[in-house]
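Each residue of the sequence shown is one higher than the one before, starting from 0 at the first, in numbering that gives the first Met the number 0. For every residue, glycine included, the Cβ atom is placed at its ideal position computed from N, Cα and C. Remarks on the structure that follows.
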Amino acid sequence: MSGPVARPAMIRRRRVALVALLILACGVFIAATAGVYVRQIEQKALLTETIRASGWTAYQAKLEHVRSLAALELAARGPSADGLAEAALRLEILLSRLPLITASDEGDFLASLPGVPELAARMEAEVAAVADEVYTADFDEPGIRARIDGWRARIAAFEVPLQEMLQQTVAYNERLYRRENELSEATAILPLGSLVISGAILVGLLIVQVRRAEHGLDEMRAARAQAAENEASLRRMIEAAPVAFVVADPHTDAAVFINASAAALVADDPRDGAWRAAIGQCRRAVGARGALARRPADPSVPVTLRHPGGWLMSCTVLHSRIVWNGREQSLYALVETTRSRAAEREAMQASTLAAVGEMAAAIVHEINQPLATMKMASSNALALLDEGGPPEKLRPKLARIDAQVDRARRITDQIRRLVRRGDDRPHPPFSPPDAIELAVGAVAEQYQRAGIALALRVEDARGSLVSGDPTLFEQVLVNLLVNAHDAFGPPERRAPDTREPRVRVRARVEEGMLVVEVHDNAGGLPPEIAERLFEPFVTTKPAGEGTGLGLALSRKIVVDMGGRIGADTVAGGALFEVRLPLAAPARAAAA
Numbered sequence: 000m001s002g003p004v005a006r007p008a009m010i011r012r013r014r015v016a017l018v019a020l021l022i023l024a025c026g027v028f029i030a031a032t033a034g035v036y037v038r039q040i041e042q043k044a045l046l047t048e049t050i051r052a053s054g055w056t057a058y059q060a061k062l063e064h065v066r067s068l069a070a071l072e073l074a075a076r077g078p079s080a081d082g083l084a085e086a087a088l089r090l091e092i093l094l095s096r097l098p099l100i101t102a103s104d105e106g107d108f109l110a111s112l113p114g115v116p117e118l119a120a121r122m123e124a125e126v127a128a129v130a131d132e133v134y135t136a137d138f139d140e141p142g143i144r145a146r147i148d149g150w151r152a153r154i155a156a157f158e159v160p161l162q163e164m165l166q167q168t169v170a171y172n173e174r175l176y177r178r179e180n181e182l183s184e185a186t187a188i189l190p191l192g193s194l195v196i197s198g199a200i201l202v203g204l205l206i207v208q209v210r211r212a213e214h215g216l217d218e219m220r221a222a223r224a225q226a227a228e229n230e231a232s233l234r235r236m237i238e239a240a241p242v243a244f245v246v247a248d249p250h251t252d253a254a255v256f257i258n259a260s261a262a263a264l265v266a267d268d269p270r271d272g273a274w275r276a277a278i279g280q281c282r283r284a285v286g287a288r289g290a291l292a293r294r295p296a297d298p299s300v301p302v303t304l305r306h307p308g309g310w311l312m313s314c315t316v317l318h319s320r321i322v323w324n325g326r327e328q329s330l331y332a333l334v335e336t337t338r339s340r341a342a343e344r345e346a347m348q349a350s351t352l353a354a355v356g357e358m359a360a361a362i363v364h365e366i367n368q369p370l371a372t373m374k375m376a377s378s379n380a381l382a383l384l385d386e387g388g389p390p391e392k393l394r395p396k397l398a399r400i401d402a403q404v405d406r407a408r409r410i411t412d413q414i415r416r417l418v419r420r421g422d423d424r425p426h427p428p429f430s431p432p433d434a435i436e437l438a439v440g441a442v443a444e445q446y447q448r449a450g451i452a453l454a455l456r457v458e459d460a461r462g463s464l465v466s467g468d469p470t471l472f473e474q475v476l477v478n479l480l481v482n483a484h485d486a487f488g489p490p491e492r493r494a495p496d497t498r499e500p501r502v503r504v505r506a507r508v509e510e511g512m513l514v515v516e517v518h519d520n521a522g523g524l525p526p527e528i529a530e531r532l533f534e535p536f537v538t539t540k541p542a543g544e545g546t547g548l549g550l551a552l553s554r555k556i557v558v559d560m561g562g563r564i565g566a567d568t569v570a571g572g573a574l575f576e577v578r579l580p581l582a583a584p585a586r587a588a589a590a
C-alpha cells in the first residue's frame, strides 16, 4: 500500500524541484547579467537594473497569474487530488511573487506607480484566501467543480489590473531605455539579449506546463473512454441478466430501457402503456413502504402486476437510483414470485386447516347447541299439533327454530370464511375491527371450553381501514389466538394455584398505523427460541402437535401488507404486536 500512496507525493516533489531549478537558473542568469552592468557607469547600471528588475517582477507576477488560472482550469475539468495540489502550488508561487512588487528593494520602482501598492495588497490577500480554500478542499466532495470555477473567477479578476501594471512597466522602461541611450551610445544588445533569454526560458517553462496539461487531458479522455466501456459492459450484463431490470424516468414513469427478462414479463416495447402502469404500481408500492415509521429489514417490496395474458402475477421489486446516459433515473429489479406465493398460501391453508381441526370439537359443540334447541322446539310443535292446540302457540316454537338456524348459519359462515383461500387480486381497504371480531368469534367456543377468559377491545380502531386481503389478516389473528390458547395447555394439567388464564385482544390507531395486540398471561416466551420465533419450523409445542409454520407465514402476510409483527415477554405473558399502515383515507382522517 505504501508504494501507490508514495508515488504521487514523489511526482509532486519532482515537479517542485524542476520548477525551483528553472527559477534558480533564471535567477542566476539575471544576477550574472546584473553583475556585468554594475561595472558600467553608476547611472547607466542603475537604469539598466531598474529596467530589468521592474520588468521581471511585473512579468513574473503576470506569468504566475496565468499559470494559476491554467492550473485551476485543469483542476475544474477533471477534479483530482493531483489537480488540486498543482493548483495550490501555482497559487503559492504566485503568492511568493506579489511581495516583490512593493516589499523588496527591486520593487521600489513598481511601488511608485499609481495604484500598484493597493493592487498588490488586495491581490496578496485574495490569493492567500483562495490557496487556503484549495488546501482544505476534497476533490470528490459535492459541487467541487463549482467551487473551483469560483476560485478561478476570483483570481481572474486581477487579470486586467496586472496587464495595466505590466503595460505601465513597459512604458516606463521604454522611457528609461531612451534615457540610457542618451547617456551612452553603447548599444543595448546585452540587456535585450538578457530579456530575450529570460523570456525564452519562461516561454519554455510554459511550453512544458502546457505539454503536461495536454498529457493530463489525454489521460482524462482515456479515463472517460474506459468509463464508457465499463457502462457498455454493465449494460450488456443487465441485458443478459435473468432478472427483469427496468430503467424508468422517475417523473413520468416512462420506461427508458428494459432487458429481455422484463420484456417477457410485461411487454416487448418499453413504450407500451402496460409498462407505464406497471412502473407506476411499483413506484407507489416502494413509496408506501418508505412511508413507514421504521423501514423493514427486507428491502424488497411485494407488488401485484397484470400479465399480458390478462392474469395477475405476484412480484418482488427492488428500487434504486442510478445515472443512465448522463441522467438520474430509477432502476427497478422485478422477480416474479407467483409460484412461491402460491406455495405460501398452500402452507398457510394447511396451517389454518390444522387450526380448524384442533377446534373441531368446539365447532361440533357449537353446532349441536342450535340443533338440540331446534329439535326440542320442533318436537313441542308436533306435540301441540297432535293435541289440536291453537295455531298461535306454534309461532314461538317456529321463531325459536328460525333463530337457531340463523345462529348455525353464522357459525358455518365463520368457518367457511376462515378456511377460504387467499389470492393475489387487489382488495379494497377493509375494516380491521370487523376482521378481528370474526377471528375472535371463530375461537370463542374453544376458549370457553378451555376456561380461558377472552377480552376484546377494538373501539379505539373503529373507522380505520387497512389495505390487503381480509381473509389472510383473519388467519393471522386466528393463528395468534390458537397459539395463545395452546400456551396454557389442557385444564387438567394446570397447577391449582395458577392465576385465571386470560387473553386480551386490543386494537388501536397510533401515528398513522393500526396496532393489534394479543397478550396472554401463560408465562411468556422461552428465551432459547425468542429470537427465532418467526423462523419456519420453530415451535414451542410438543413434538407432533405443531408444524412451526404458523408464525412464519403470519409474518410473511403482515410484511406483504406493508407492516411488521413482533413478540416479547411482558407482565408474565407473551405479547404479540401487529402493526399495519392505514389506508390513505384513514391515515388522513387520523391526522
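{"Item": "From GLY562, ALA570, PHE575 and LEU20, pick the residue whose C-alpha is nearest to that of VAL300; which is it?", "Value": "GLY562"}
{"Item": "If I measure Cβ to Cβ from ALA590 and keep anything under 6 Å in the same chain, skipping five residues before and after, which residues do I get?", "Value": "Residue confidence for ALA590 is low, a pLDDT of 47 falling below 50, so the modelled location carries little weight; the figure read from the coordinates is stated next. Cβ within range, chain order: n/a, list empty."}
{"Item": "Tell me whether the beta-carbon of VAL246 lies closer than 7 Å to the beta-carbon of LEU330.", "Value": "yes"}
{"Item": "Please state whether DSSP places VAL334 in a helix, a strand or coil.", "Value": "strand"}
{"Item": "Secondary structure at SER313, three-state DSSP: helix, strand or coil?", "Value": "strand"}
{"Item": "Distance, Cα to Cα, GLY115 vs GLU173?", "Value": "As written in the sequence, residue 115 is Val, which differs from the Gly given in the question. Going from the Cα of VAL115 to the Cα of GLU173 covers about 19 Å."}
{"Item": "Once DSSP output is grouped into helix, strand and coil, what is the label at ALA185?", "Value": "The predicted model places ALA185 with a pLDDT of 49, which falls under 50 and marks its position as unreliable; any figure quoted below should be read in that light. Three-state DSSP puts ALA185 in coil, outside helix and strand."}
{"Item": "If you follow the alpha helix (DSSP H) that GLY601 is part of, which residue opens it and which one closes it?", "Value": "Residue coverage of the chain in this structure runs from 0 to 590, which leaves residue 601 outside it and unanswerable."}
{"Item": "Please return the same chain residues whose Cβ sits closer than 6 Å to the Cβ of VAL285, not counting the five positions on each side in sequence.", "Value": "VAL300 and HIS318"}
{"Item": "Between the C-alpha atoms of THR569 and ARG320, what's the straight-line distance to the nearest angstrom?", "Value": "Strictly speaking, residue 569 in this sequence is Val, with Thr absent from that position. Spanning the two alpha carbons is a distance of roughly 42 Å."}
{"Item": "Grouping DSSP H, G and I as helix and E and B as strand, with all else coil, what is ASP252?", "Value": "coil"}
{"Item": "Considering only DSSP beta bridges, list what ASP567 is partnered with.", "Value": "LEU574"}
{"Item": "Could you check whether the stretch 93-102 touches the stretch 232-252, counting it as contact only if at least three pairs of C-beta atoms, one from each stretch, sit closer than 8 Å?", "Value": "no"}
{"Item": "Mind the definition here: the stretch 84-93 touches the stretch 156-164 only if three or more C-beta pairs lie below 8 Å; say whether that holds.", "Value": "no"}
{"Item": "Counting along the chain, where does the alpha helix (DSSP H) carrying ASP485 start and finish?", "Value": "469-487"}
{"Item": "If you run the structure through DSSP and keep just helix, strand and coil, what is SER329?", "Value": "strand"}
{"Item": "For the alpha helix (DSSP H) that GLU509 lies in, which residues bound it at each end?", "Value": "Here GLU509 belongs to no alpha helix (DSSP H); instead the beta strand (DSSP E) covers 501-509."}
{"Item": "Among MET122, PRO427 and ILE147, which has the Cα closest to the Cα of VAL157?", "Value": "Val is not the amino acid found at residue 157; the sequence shown has Phe there. Cα-wise, what sits closest to PHE157 is MET122."}
{"Item": "Mapping DSSP to helix, strand and coil, what is ASP519?", "Value": "strand"}
{"Item": "Taking the CB atoms as reference points, tell me whether ASN520 and GLY450 lie closer together than 7 Å.", "Value": "no"}
{"Item": "Between which two residues does the beta strand (DSSP E) containing VAL245 stretch?", "Value": "243-247"}
{"Item": "Take PRO78 and list the residues in its own chain whose beta-carbon comes closer than 8 Å to its own, dropping the five residues that flank it on each side.", "Value": "PHE138, ASP139, ILE143, ARG144 and ILE147"}
{"Item": "Where ASN478 and ASP559 are concerned, what is the direct C-alpha to C-alpha distance, given to the nearest angstrom?", "Value": "17 Å"}
{"Item": "Compute the Euclidean distance between the alpha carbons of ALA542 and LEU264, then round it to the nearest angstrom.", "Value": "Because ALA542 sits at a pLDDT of 47, beneath the cut-off of 50, its placement in the model cannot be relied upon, and the following sentence gives the value as read from the coordinates. One C-alpha to the other measures close to 43 Å."}
{"Item": "Where does the unbroken alpha helix (DSSP H) through ARG270 begin, and where does it stop?", "Value": "Counting along the chain, ARG270 falls outside any alpha helix (DSSP H), and DSSP gives it neither H nor E."}
{"Item": "For the alpha helix (DSSP H) that contains LEU264, what are its first and last residues?", "Value": "259-264"}
{"Item": "Drop a sphere of 10 angstroms on the beta-carbon of GLY488, count the other beta-carbons inside from all chains shown, and report buried for 16 or more, exposed for fewer.", "Value": "exposed"}
{"Item": "Can you tell me the Cβ-Cβ gap for SER67 and ILE206, rounded? I've got them flagged as a contact below 8 Å.", "Value": "The pair is not a contact, with the Cβ atoms about 17 Å apart (cut-off 8 Å)."}
{"Item": "Would you decide whether ASN258 is buried or exposed? Buried here means 16 or more other CB atoms lie within 10 Å of its CB.", "Value": "buried"}
{"Item": "Check PRO301 in the structure and name its three-state DSSP category.", "Value": "strand"}
{"Item": "Closest by CA to LEU204, which one among ASP81, LEU20 and ASN482?", "Value": "LEU20"}
{"Item": "Out of PRO249, ARG578 and ALA262, which has the shortest C-alpha to C-alpha gap to GLN280?", "Value": "PRO249"}
{"Item": "With distance defined between alpha-carbon atoms, name the residue in GLY325, ASN324 and ALA277 nearest to ARG305.", "Value": "ALA277"}
{"Item": "Starting from LEU455, follow the alpha helix (DSSP H) in both directions and report where the run begins and ends.", "Value": "No alpha helix (DSSP H) holds LEU455; the beta strand (DSSP E) holding it covers 452-456."}
{"Item": "Am I right that LEU476 and ILE435 are in contact with their C-beta atoms under 8 Å? What's the rounded C-beta distance?", "Value": "6 Å"}
{"Item": "Going by C-alpha distance, which of ARG531, HIS518 and ALA86 is nearest VAL577?", "Value": "HIS518"}
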